[in-house]
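**Student:** Before I ask anything, here is the structure I am working with.
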Amino acid sequence: AQSVSQHNHHVILSEAASLELGCNYSYGGTVNLFWYVQYPGQHLQLLLKYFSGDPLVKGIKGFEAEFIKSKFSFNLRKPSVQWSDTAEYFCAVNSENYGQNFVFGPGTRLSVLP
Amino acid sequence: KAGVTQTPRYLIKTRGQQVTLSCSPISGHRSVSWYQQTPGQGLQFLFEYFSETQRNKGNFPGRFSGRQFSNSRSEMNVSTLELGDSALYLCASSLAGGTQETQYFGPGTRLLVL
Chain V
1 AQSVSQHNHH VILSEAASLE LGCNYSYGGT VNLFWYVQYP GQHLQLLLKY
51 FSGDPLVKGI KGFEAEFIKS KFSFNLRKPS VQWSDTAEYF CAVNSENYGQ
101 NFVFGPGTRL SVLP
Chain Z
115 KAGVTQTPRY LIKTRGQQVT LSCSPISGHR SVSWYQQTPG QGLQFLFEYF
165 SETQRNKGNF PGRFSGRQFS NSRSEMNVST LELGDSALYL CASSLAGGTQ
215 ETQYFGPGTR LLVL
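For the record, the sequence lines run as chains V and Z.
Just so you know, we're using my numbering here: the first sequence kicks off at 1 and counts up by one.
Just so you know, we're using my numbering here: the second sequence kicks off at 115 and counts up by one.
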């Protein structure tokens, strides 16, 4: 079955530290990759997405992610986190080969200390 | 443009009862997907509707059902509630449910089964 894993359950950083959240998926073939964020008390919202082309994609709020096909990975990065980045981050994958539904990773909770 | 709305926001039911949750997508969006979010299982896809037809279904028992109306509004029904059905139920809409489309999530309905 298709699955998405995220390396860390909970990450704690100080402001200005660099962030990298890992995401791996177990699909074969062509995939579409997404990172969603859920700020405390808010809706899930899209940070960035990758379909094809340049494997380094930029999203909102200074986030970027790199697709490495050979590693089945789509890691999220931010050079310098802020307290306002405290949230839960979800990696998600879908593929035409497996229907249109998204498969989400378990999420990584990020706590940024001021 | 108004976002995805879900009603009710909170619900308390007892085992054996049934419940109906409602979702109004963003105006113009014709695809509505439902997800169950729990601390243990994360976000799991329930089903997706497009033009009043269920197009995709996740791995949930038949107690979980849904429908979509001609105005794209969708309802989800859970019959014979079990304690394990306690969760946040999220609805997401997109224009046509294509795999490369962004899904826009609502605030969710938090269901507690006692």
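Cβ atoms here follow ideal geometry from the backbone N, Cα and C, with glycine treated the same way.
Just so you know, these numbers come straight off a predicted model, no measurement behind them.
Note down the Cα distance separating V:Glu-96 from Z:Val-118, rounded to an integer number of angstroms.
**Tutor:** By one-based count along the first sequence, residue 96 of chain V stands at place 96. By one-based count along the second sequence, residue 118 of chain Z stands at place 4. Going by the C-alpha atoms only, they are around 25 Å apart.
**Student:** Relative to the C-alpha of V:Ser-18, which residue among V:Ser-80, V:Gly-53 and V:Gln-45 is closest?
**Tutor:** Within the first sequence, residue 18 of chain V is the residue found at index 18, counting from 1. Residue V:Ser-80 is the option with its Cα nearest to V:Ser-18.
**Student:** Please confirm whether Z:Tyr-149 has its beta-carbon closer than 9 Å to some beta-carbon of chain V.
**Tutor:** Sequence index remark: in the second sequence, residue 149 of chain Z carries index 35 (1-based). Yes, Z:Tyr-149 lies at the interface with chain V (some Cβ there is under 9 Å from its Cβ).
**Student:** Z:Ile-126 by DSSP, collapsed to three states: which one?
**Tutor:** Numbered from its first residue, the second sequence carries residue 126 of chain Z at position 12. Z:Ile-126 falls in the strand class under three-state DSSP.
**Student:** One question on the structure: do Z:Thr-121 and Z:Leu-135 come within less than 9 Å of each other, judged by their Cβ atoms?
**Tutor:** For the purposes of this step, residue 121 of chain Z is taken as the residue at position 7 of the second sequence. For the purposes of this step, residue 135 of chain Z is taken as the residue at position 21 of the second sequence. Yes, these two residues count as a Cβ contact at 9 Å.
**Student:** Any C-beta of chain V sitting closer than 9 Å to the C-beta of Z:Glu-162?
**Tutor:** Indexing the second sequence from 1 puts residue 162 of chain Z at position 48. Z:Glu-162 counts as touching chain V.
**Student:** Within 10 angstroms of its Cβ, does Z:Trp-148 collect 16 or more other Cβ (buried), or is it exposed?
**Tutor:** For the purposes of this step, residue 148 of chain Z is taken as residue 34 along the second sequence, with counting starting at 1. Buried, because 16 or more other Cβ atoms sit within 10 Å of the Cβ of Z:Trp-148.
**Student:** My understanding is that V:Cys-23 touches V:Ser-73, with C-beta atoms under 8 Å, so please give their C-beta distance in whole angstroms.
**Tutor:** In the first sequence, residue 23 of chain V corresponds to position 23, counting from 1. In the first sequence, residue 73 of chain V corresponds to position 73, counting from 1. Their Cβ separation, rounded to whole angstroms, is 6 Å, which keeps V:Cys-23 and V:Ser-73 in contact under 8 Å.
**Student:** Comparing C-alpha positions only, which one of V:Tyr-27, V:Leu-44 and V:Leu-113 sits nearest to V:Trp-35?
**Tutor:** Numbered from 1 along the first sequence, position 35 holds the residue referred to as residue 35 of chain V. If we check each option's Cα against that of V:Trp-35, V:Leu-44 comes out closest.
**Student:** At 8 Å on the CB atoms, spell out the chain Z contacts of V:Ser-95, in chain order.
**Tutor:** Here residue 95 of chain V corresponds to residue number 95 of the first sequence, with the count starting at 1. Neighbours of V:Ser-95 on chain Z, chain order: Thr-213.
**Student:** As an exercise, report each continuous beta strand (DSSP E) stretch of at least 3 residues that is fully enclosed by the segment 138–198 of chain Z, in chain order.
**Tutor:** With a minimum length of 3 residues, the continuous beta strand (DSSP E) runs that stay inside the segment 138–198 of chain Z are 145–152, 156–164, 167–171, 178–182 and 188–192.
**Student:** Going by beta-carbon coordinates alone, are V:Trp-83 and V:Pro-114 separated by less than 9 Å?
**Tutor:** By one-based count along the first sequence, residue 83 of chain V stands at place 83. By one-based count along the first sequence, residue 114 of chain V stands at place 114. Going by C-beta atoms, V:Trp-83 is nearer than 9 Å to V:Pro-114.
**Student:** If you follow the beta strand (DSSP E) that V:Phe-34 is in, where does it begin and where does it stop?
**Tutor:** Looking up residue 34 of chain V in the first sequence gives position 34. It spans 32–38 - the beta strand (DSSP E) in which V:Phe-34 sits, taken as one unbroken run.
**Student:** Using beta carbons (cut-off 9 Å, strictly below), is V:Leu-44 in contact with chain Z?
**Tutor:** As a working note, residue 44 of chain V is residue 44 in the first sequence. Output row for V:Leu-44: interface = yes.
**Student:** Between Z:Gly-172 and the rest of its own chain, which residues show a CB-CB distance below 7 Å, the 5 nearest in sequence each way excluded?
**Tutor:** By 1-based counting over the second sequence, the position of residue 172 of chain Z is 58. If we look at Z:Gly-172 and ignore the five residues flanking it on each side, its Cβ neighbours are Gln-158, Phe-159, Leu-160 and Phe-161.
**Student:** Determine the closest residue to Z:Ser-138 out of Z:Leu-197, Z:Leu-225 and Z:Gly-220, with distance taken between C-alpha atoms.
**Tutor:** The residue you call residue 138 of chain Z lines up with position 24 of the second sequence. Minimum Cα distance to Z:Ser-138 is reached at Z:Gly-220.
**Student:** Rounded to whole angstroms, what's the CA-CA distance from Z:Thr-223 to Z:Arg-129? Just pull it up for me.
**Tutor:** Stepping through the second sequence from its first residue, residue 223 of chain Z is reached at position 109. Stepping through the second sequence from its first residue, residue 129 of chain Z is reached at position 15. Approximately 18 Å, taken between the alpha carbons.
**Student:** In the DSSP output, which residue or residues are listed as bridge partners for V:Tyr-27?
**Tutor:** Position 27 of the first sequence, counted from the first residue, corresponds to residue 27 of chain V. Paired residue(s): none; V:Tyr-27 is not in a bridge.
**Student:** Could you pull the start and end residues of the beta strand (DSSP E) that V:Gln-45 belongs to?
**Tutor:** Here the question's residue 45 of chain V lines up with position 45 in the first sequence. Residues 44–50.
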